[in-house]
Amino acid sequence: MASADAFTGSAGKKDVFQGLAGCSDAALIKTLTGTVLCWNPAAELMFGHPADQAVGRHIGMLLPADLKAEETLLLERVARGETVEHYETRRLTRDGRLLDVDVSLWPIHERDGTIHAACSVMRDITRRKRADAKADELAVVVESAQDAILIKTLEGQITFWNGAAHRLYGYAPAEIVGRHIDLLIPPDLKDEEANLLERVGHGERIEHYETRRLAVGGRIVDIDVTLWPIRDRTGVITGICSTIRDITERKRAEKHLTELHAQQRHVALALHLMGASEQIPSARAATRYLPSTQGQGVGGDWLDLIDLGAARVGVVIGDVMGRGFEAAVVMGQLRSAARALALAGLSPCELMRTLDAFTRGLPEQFVTCAYLEADPARGEMTVCSAGHLPVLRIGPDATVARLAVPTGIPLGVGGVPHEQARLPLRAGTTLALCTDGLVETPHHDLDARLEHLATTLAAVFATAPELEDAADRTLAAMLPDEAPGHADDVSLLLVSFPTAPLAAAHIQLVGEAASVPAARRFLAEHLHRWHLAALEDTAVLLASELMTNAVRHALGPVRLEIWYSDRELGVEVTDRSTPRPCARLAGCDEESGRGLLLVEALADAWSTRPETNGKTVWFTLQLPAPAESARTAQEGFSP
């Protein structure tokens, strides 16, 4: 520090000088014109100027260029006897750094009262100013934040409330600060808030917790809240900070979307249920459909069981690529088309060819499908596959084998014809059809899973269960409870043909008029043998009309085939003419044209179907009573 010789005069001045030397803040004495007279060690540390270099120099060495006038004004105020306390300004260090300082100045008086000099004490407040600046910036950020920010004590008393909180809840800071957070909690969530306070009080951070809060007027607000503890310098938790985001619109949109998905799912499931196979007298069936438990759920699987008449059954299974409402809609279109084509009598390969052309015009253009036409009366079935999984046949002895059917290409690809196969169908046979959701998994080979399905079916049917029980047991084995859900739809159809007709007979006749009475005699004779004479008049009349049409309009030979089951009599006439007849109203002067109208009026069901080299026209009549007695009477009979 500079020598006290810089002070000339009283001992009081020297006392001031000595006091400044031990001051922890930078202290100096300067003339009223700004010349430094004394310079303590703390000033040397703060500004970097040694005392022997600072004393005698003008105070301007510490002044930034923009504050030269400020120093002159301060000295003028001191010269008038004024004390300036805690004046915040800036000063320069020797190496050019800029410091924020808190300056206090007071005048030094001579004994006669005149002011001789000014004493200045300066404290470095650079860190504090920076902290204040950051705090100001933070305050601006907090106030301009889109999310509501509030601070509360561990007991739940609100101590801070930003502008976004005001906009969200409707309470101004003056209305809410100091009040308890319970003001914002719906009655049914009081315990929830207490639990949150307790968790954060133990040091836990809670992120994106979705809940509800009360705003002004009782309005309910859906919010996403994040809470974390506020700690003091010693690490003790003193409060809780919360950021809250209004998610009311998002939750409303999610609810609307959920409702739309639920509606779509309902419609899609309804489309599937429309195909939940009807029970057909000549077959028994059990179906299972499980929507996917992942993603969009309902997909494009479909099953259908179709009564084709004359004891024949159509069986369809298909899978539209993709999931969701769109796949279900495409599925519905295809199932309706397949059912209509099957009822129109198309053979399996013709049906598949038509579906293939139909599929190419749909938005989902990759579909697998299998169609099977079972004819228990003839003991055969015809099958065509378009890239679908194999159909499994379970024999009466519970042996399981794949049907030998060409796989073909999926629908919608085009360019390659589909082939059908005609296979035997024994009484007591059960067929199992499924979609890939039942057998495909990411970690298993498909063939291995198909073998597993075959083994499962063999084990299940070895105990001769009812079909419904067999379906449940098969699903349980293929999709165990511990599995984490299924990513694709699961469809399973078990269809059984428990019995063959009680009796059947056929005759081949030439295409001439004499064949008509021969057919009548053949039919009447067998109806008597089968104890079905009650049906003779109607059956013979209708068969005569069909035979007459075949002889007059078609090419020979003509085949008459008859059979009966425990519920109906079937009569079929097959010729080599491809045009299919239809009923029409005959004119008053026409002698023909009324045969099919009789069939339409008297038969319980009738239709036509194409054959490889012609067509078949058939009708059925319901038996007047169960024909179990006829079965006994006909034991040992061979038509």
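If you use this note's numbering, the sequence shown corresponds to residues 3 to 641, in order. The beta-carbon is built from N, C-alpha and C at its ideal position, and this holds for glycine as well.
Continuous beta strand (DSSP E) stretch holding residue i: start and end
i       : result
Gln-510 : 505–511
Glu-212 : 208–216
Asp-104 : 100–111
Ser-498 : 492–499
Ser-546 : Here Ser-546 belongs to no beta strand (DSSP E); instead the alpha helix (DSSP H) covers 538–555.
Thr-91  : 86–94
Gly-616 : 616–624
Thr-228 : 222–233
Arg-424 : 422–426
Thr-432 : 431–436
Gly-241 : 239–248
For residue i, the first and last residue of its enclosing alpha helix (DSSP H)
i       : result
Glu-468 : Note, Glu-468: premise wrong, no alpha helix (DSSP H); not H, not E.
His-528 : 517–531
His-182 : Premise fails: His-182 is in no alpha helix (DSSP H) and is neither H nor E.
Ser-609 : Note, Ser-609: premise wrong, no alpha helix (DSSP H); beta strand (DSSP E) at 607–613.
His-454 : 448–463
Met-48  : 43–49
Cys-351 : 350–361
Arg-201 : 192–203
Gly-597 : 597–604
Glu-73  : 70–81
Asp-54  : 53–56
Gly-645 : As displayed, the chain neither begins before 3 nor continues past 641, which places residue 645 out of reach and without an answer.
Ala-176 : 175–178
Distance between residue j and residue i (C-alpha atoms, nearest Å)
i       : j       : result
Phe-463 : Ala-472 : 7 angstroms
Pro-500 : Thr-401 : 16 angstroms
Met-63  : Gly-36  : 10 angstroms
Ala-552 : Val-573 : 14 angstroms
Met-323 : Leu-216 : 47 angstroms
Ser-498 : Glu-468 : 10 angstroms
Arg-404 : Ala-456 : 9 angstroms
Ala-135 : Ile-61  : 28 angstroms
Ala-406 : Leu-557 : 34 angstroms
Leu-22  : Arg-125 : 13 angstroms
Leu-345 : Ala-339 : 10 angstroms
Asp-149 : Ala-196 : 22 angstroms
Asp-248 : Ile-183 : 17 angstroms
Leu-69  : Asp-27  : 22 angstroms
Ile-246 : Ile-208 : 12 angstroms
Leu-310 : Gly-316 : 6 angstroms
Own chain residues within Cβ distance below 6 angstroms of residue i, not counting five before or after
i       : result
Glu-593 : The pLDDT assigned to Glu-593 is 47, lower than 50, so where the model puts this residue is not dependable; a value taken from the coordinates is nonetheless given after this. Excluding sequence neighbours, Glu-593 sits near nothing in its chain.
Leu-47  : none
Pro-392 : Arg-404
Thr-85  : Trp-108
Asn-164 : Val-144, Glu-145, Ile-151
Glu-484 : With a pLDDT of 46 at Glu-484, under the threshold of 50, the modelled position of this residue cannot be trusted, and the question is left open.
Asp-377 : Arg-314
Arg-286 : Leu-469, Ser-498
Neighbourhood of residue i by C-beta, 8 angstroms cutoff - its chain only, sequence neighbours within 5 removed
i       : result
Thr-580 : Pro-612, Gly-616, Lys-617
Thr-361 : Leu-336, Gln-367, Val-369, Leu-413, Gly-414
Pro-52  : Glu-46
Ala-278 : Only weak support exists for where Ala-278 lies, its pLDDT of 49 falling under 50; the coordinates are left without a value.
Same chain, Cβ closer than 7 angstroms to residue i, five either side skipped, listed in chain order
i       : result
Gly-347 : Ser-609, Thr-610, Arg-611, Pro-612
Thr-540 : Leu-604, Leu-623
Cys-590 : Only weak support exists for where Cys-590 lies, its pLDDT of 48 falling under 50; the coordinates are left without a value.
Leu-537 : Leu-529, Leu-571, Leu-623
Thr-213 : Leu-191, Glu-194, Ile-225, Val-227
Glu-654 : A question about residue 654 goes unanswered here, because the residues of the chain that appear run from 3 up to 641.
Val-218 : Tyr-171, Gly-172, Tyr-173
Val-38  : Leu-30, Lys-32, Ala-56, Val-57, Gly-58, Arg-59, Ile-61
Status (buried if at least 16 other CB within 10 Å, exposed otherwise) for residue i
i       : result
Glu-256 : exposed
Glu-112 : exposed
Ala-119 : buried
Pro-426 : exposed
Ser-349 : buried
Ile-222 : exposed
Gly-235 : The sequence shown places Arg at residue 235, rather than the Gly named in the question. Label assigned to Arg-235: exposed.
Arg-1   : Because the chain in this structure spans residues 3 to 641, residue 1 falls outside the shown range and cannot be described.
Glu-637 : In this prediction, Glu-637 has a pLDDT of 45, which is less than 50 and means its spatial position is unreliable; nothing more can be read from the coordinates.
Pro-444 : exposed
Thr-116 : exposed
Below-9 angstroms beta-carbon distance, residue i vs any chain D residue
i       : result
Leu-186 : You won't find chain D in this structure, because it holds only one protein chain.
* Would you be able to state if there are at least three C-beta pairs under 8 angstroms between the segment 229–243 and the segment 144–158? => yes
* Does the segment 197–209 touch the segment 171–182, meaning 3 or more C-beta pairs lie closer than 8 angstroms? -> no
* With contact counted as at least three CB pairs below 8 angstroms, one residue from each stretch, are the segment 511–525 and the segment 560–569 in contact? -> yes
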